[in-house]
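Here's the structure, in structure tokens; my notes come after.
Numbering (this note's numbering), first residue to last: 1 to 432.
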């Protein structure tokens, strides 16, 4: 019997939870890296076949750094109700707590949250024990995106939920203290896979793109498909009034936005990884198991859209032709102009200077790097003063890379006690 691609190779799940202490370090870990690096991703239990890479049970891999040492590694499944048999019904009768929280992990206010875009967030402890689902005191009645954006000025967390029934798209805002203080519907024509969005100083940017929900596909992997008839547009919503202005763009799909900002002319500038229609349709079946989704990025490349409110026109330009994914920036600049953007490709971490149009790469050889998380240096004045953290691995081993974000030189690496499957997103959670 052939093993599905999402259960083999770099994606093969690990069979258990372990702890390891005093991990070997090559190089010198910066002493100010004191905290925890957590990374989430799908990891089905032994014997389980979820039918798709995106829907395996979530597992968080954590490395504790302190005083120049790698004190521990541990991995834990996020114990959603699908694992423990409980039930939590939202206002649509959908068990939002049964969805594997397998996509991202962040800290906001006093909570560490494991996230998935079509379910509730799950609260985790700093030791990766599962506390339980979070609906912010009963106020959250939709799913929560796995890509919330924290405003570095106000400390507020902006996010959204999407679903297969109206309202198809709902905007939410948490206060800096973690209270859900705003919820509003955003009108769109139908149910689409809205994976990401962006914020600027004064706006929220929506991605209304032609990957649509298909009821006939329920039970056969991810029930979303490309639809040439849906169209593609970006929406600019005022954070103060909620009014949305839509900009038509050429058909494409965007999983991940790198950065969005407003320029001196009042235009909205969006940098994101763009899949052309043919690239998306070639790539999408691979993450359903017909080929290895870790083997390539599907022809996705970094693009820039400039949305001009004065003319109502969106201009699109390619910033690079290299196949990349998981764009990241210094998140202390979220919503502001970010000159430097980081991404990963097979065998390299890439740094883009969007001011000069140049790039450089840190080659990782046969180790495939995961998303590179930016950690700012204490008291930094330069945007790229800090480090990048990325779990890089092969089919048999894994390490935590620590790169200097300014020149991509390797500062240190931490050898992990086991292989770590390719996954999605993570965060650096510094000690308070």
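Just so you know, even glycine gets a beta-carbon here, dropped at the ideal spot from N, CA and C.
For residue 326, report the span of its beta strand (DSSP E) as first-last.
Walking along the chain shown from the start, residue 326 turns up at place 326. Residue 326 -> beta strand (DSSP E) spans 325-328.
Assigned secondary structure, residue 10 (DSSP; H/G/I helix, E/B strand, else coil):
Taking the chain shown and counting its residues from 1, the one referred to as residue 10 is at position 10. Residue 10: helix per DSSP, three-state reduction.
Taking all protein chains shown into account, do 16 or more other C-beta atoms lie within 10 angstroms of the C-beta of residue 220, making it buried, or fewer, making it exposed?
Along the chain shown, read from residue 1 onward, the residue named residue 220 stands at position 220. Counting Cβ neighbours within 10 Å, residue 220 comes out exposed, since fewer than 16 surround it.
Closest to residue 150 by CA distance: which of 347, 301, 176 and 137 is it?
Start at 1 with the first residue of the chain shown, and residue 150 comes out as number 150. Of 347, 301, 176 and 137, the residue nearest in Cα terms is 176.
In whole angstroms, what separates the C-alpha of residue 9 from that of residue 105?
Taking the chain shown and counting its residues from 1, the one referred to as residue 9 is at position 9. Taking the chain shown and counting its residues from 1, the one referred to as residue 105 is at position 105. So the two alpha carbons sit approximately 24 Å from each other.
Determine which residues share a DSSP beta bridge with residue 237 and list them.
Counting from 1 along the chain shown, the entry for residue 237 is found at position 237. The partner list for residue 237 (beta bridge, DSSP) reads 204 and 244.
8 Å Cβ shell around residue 69 - same chain, five flanking residues per side excluded:
The residue given as residue 69 occupies position 69 in the chain shown. Excluding residues within five positions, the ones whose Cβ falls inside 8 Å are 22, 25 and 29.
With distance defined between alpha-carbon atoms, name the residue in 226, 274 and 310 nearest to residue 281.
Numbered from its first residue, the chain shown carries residue 281 at position 281. Nearest of 226, 274 and 310 to residue 281, Cα basis: 226.
Taking a contact to mean a Cβ-Cβ separation below 8 Å, would you say residue 371 touches residue 332 in this structure?
Within the chain shown, numbered from 1, the residue matching residue 371 stands at position 371. Within the chain shown, numbered from 1, the residue matching residue 332 stands at position 332. The answer is no: Cβ separation not under 8 Å.
Tell me whether residue 217 sits in a helix, a strand or coil according to DSSP, three-state version.
By 1-based counting over the chain shown, the position of residue 217 is 217. Of the three classes helix, strand and coil, the one that applies to residue 217 here is helix, per DSSP.
Beta-carbon separation of residue 349 and residue 325 under 8 Å?
As a first step, residue 349 is located in the chain shown; it is residue number 349 there, counting from the start. As a first step, residue 325 is located in the chain shown; it is residue number 325 there, counting from the start. The answer is no: Cβ separation not under 8 Å.
Counting Cβ pairs closer than 8 Å, one from the region 96-111 and one from the region 60-80, do we hit at least three?
Yes: at least three Cβ pairs fall under 8 Å.
Quick one: Cα of residue 143 to Cα of residue 117, how far?
Taking the first residue of the chain shown as position 1, residue 143 is located at position 143. Taking the first residue of the chain shown as position 1, residue 117 is located at position 117. Cα-Cα distance, rounded: 6 Å.
State buried or exposed for residue 139, treating a residue as buried only when at least 16 other CB atoms are found within 10 Å of its CB.
Locating residue 139 in the chain shown gives position 139, counting from the first residue. Its Cβ having fewer than 16 others within 10 Å, residue 139 is exposed.
Can you give the beta carbon distance from residue 386 to residue 380, rounded, assuming they're within the 8 Å contact cut?
For this step, residue 386 is matched to residue 386 along the chain shown. For this step, residue 380 is matched to residue 380 along the chain shown. Yes, they are in contact, since the Cβ atoms of residue 386 and residue 380 sit about 6 Å apart, within 8 Å.
Exposure label - residue 222; buried when at least 16 CB within 10 Å:
For the purposes of this step, residue 222 is identified with residue 222 of the chain shown, where counting begins at 1. With 16 or more other Cβ atoms from the protein chains shown falling within 10 Å of its own Cβ, residue 222 counts as buried.
Beta-carbon gap between residue 307 and residue 268 smaller than 8 Å:
Here residue 307 is taken as the residue at index 307 of the chain shown, counted from 1. Here residue 268 is taken as the residue at index 268 of the chain shown, counted from 1. The Cβ-Cβ distance between residue 307 and residue 268 falls below 8 Å.
By DSSP's criteria, residue 439 is part of a beta bridge. Which residues make up the other side?
No statement about residue 439 is possible, as the shown extent of the chain runs from 1 to 432 and does not include it.
Continuous beta strand (DSSP E) stretch holding residue 138: start and end:
Taking the chain shown and counting its residues from 1, the one referred to as residue 138 is at position 138. For residue 138, no beta strand (DSSP E) run applies, since DSSP gives it neither H nor E.
Residue range of the beta strand (DSSP E) that residue 159 falls in?
Counted from its first residue, the chain shown places residue 159 at position 159. That run of the beta strand (DSSP E) goes 157-162.
Under the three-state DSSP convention, the category residue 186 falls into
Against the chain shown, residue 186 aligns to sequence position 186. Here residue 186 sits in coil by DSSP.
Residue range of the beta strand (DSSP E) that includes residue 112:
The count along the chain shown starts at 1 and reaches residue 112 at position 112. Element bounds for residue 112: 111-115.
Where does residue 90 sit, in a helix, a strand or coil, going by DSSP?
Taking the chain shown and counting its residues from 1, one reaches residue 90 at position 90. Since pLDDT at residue 90 reaches only 43, below the 50 mark, its modelled position is unreliable, and the value read off the structure follows with that caveat. DSSP places residue 90 in coil when its eight states are reduced to three.
Apart from the five residues on each side of it in sequence, which residues of its chain come closer than 8 Å, Cβ to Cβ, to residue 340?
Numbered from 1 along the chain shown, position 340 holds the residue referred to as residue 340. Once the five neighbours on either side are set aside, the close Cβ partners of residue 340 are 329, 330, 351, 352, 353, 354, 383, 384 and 405.
Note down the Cα distance separating residue 302 from residue 203, rounded to an integer number of angstroms.
Looking up residue 302 in the chain shown gives position 302. Looking up residue 203 in the chain shown gives position 203. Their Cα atoms are separated by approximately 22 Å.
Mind checking residue 412: buried by the 16 CB within 10 Å criterion, or exposed?
Here the question's residue 412 lines up with position 412 in the chain shown. Per the 10 Å Cβ criterion, buried.
If you reduce the DSSP assignment to three classes, tell me which class residue 282 lands in.
Within the chain shown, numbered from 1, the residue matching residue 282 stands at position 282. If DSSP states are grouped into helix, strand and coil, residue 282 belongs with the helices.
Decide if residue 163 is buried, meaning its Cβ has at least 16 other Cβ atoms within 10 Å, or exposed.
Indexing the chain shown from 1 puts residue 163 at position 163. Buried.
In angstroms, rounded to a whole number, what distance separates the CA positions of residue 74 and residue 266?
Translated into positions along the chain shown, residue 74 becomes position 74. Translated into positions along the chain shown, residue 266 becomes position 266. Each residue's alpha carbon lies about 46 Å from the other.
Excluding sequence positions up to five away, which residues of its chain have a Cβ less than 8 Å from the Cβ of residue 409?
Here residue 409 is taken as the residue at index 409 of the chain shown, counted from 1. Cβ-Cβ distances below 8 Å link residue 409 to 362 and 403 in the same chain, with the five nearest sequence neighbours on each side left out; the list follows chain order.
Would residue 101 be called buried (16 or more neighbouring beta carbons within 10 Å of its own) or exposed?
Residue 101 sits at position 101 when you count from the first residue of the chain shown. With 16 or more other Cβ atoms within 10 Å, it is buried.
Go ahead and label residue 62 buried or exposed: buried means 16 or more other beta carbons lie within 10 angstroms of its beta carbon, across all protein chains shown.
If you number the chain shown from 1, residue 62 lands on position 62. When all chains shown are included, residue 62 counts as buried.
Where does the unbroken beta strand (DSSP E) through residue 118 begin, and where does it stop?
As a first step, residue 118 is located in the chain shown; it is residue number 118 there, counting from the start. It is not in any beta strand (DSSP E) - residue 118 carries neither H nor E in the DSSP assignment.
Taking the alpha carbon of residue 197 as the reference point, which residue from 235, 48 and 356 has its own alpha carbon closest?
Taking the first residue of the chain shown as 1, we reach residue 197 at position 197. With respect to the C-alpha of residue 197, the residue from 235, 48 and 356 having the closest C-alpha is 235.
Quickly, what does DSSP pair residue 389 with across the bridge? List them, please.
Numbered from 1 along the chain shown, position 389 holds the residue referred to as residue 389. Looking at the DSSP assignment, residue 389 forms a beta bridge with 373 and 402.
Spell out the partners DSSP gives residue 430 in its beta bridges.
Here residue 430 refers to the residue found at position 430 of the chain shown. Partner(s): 35.
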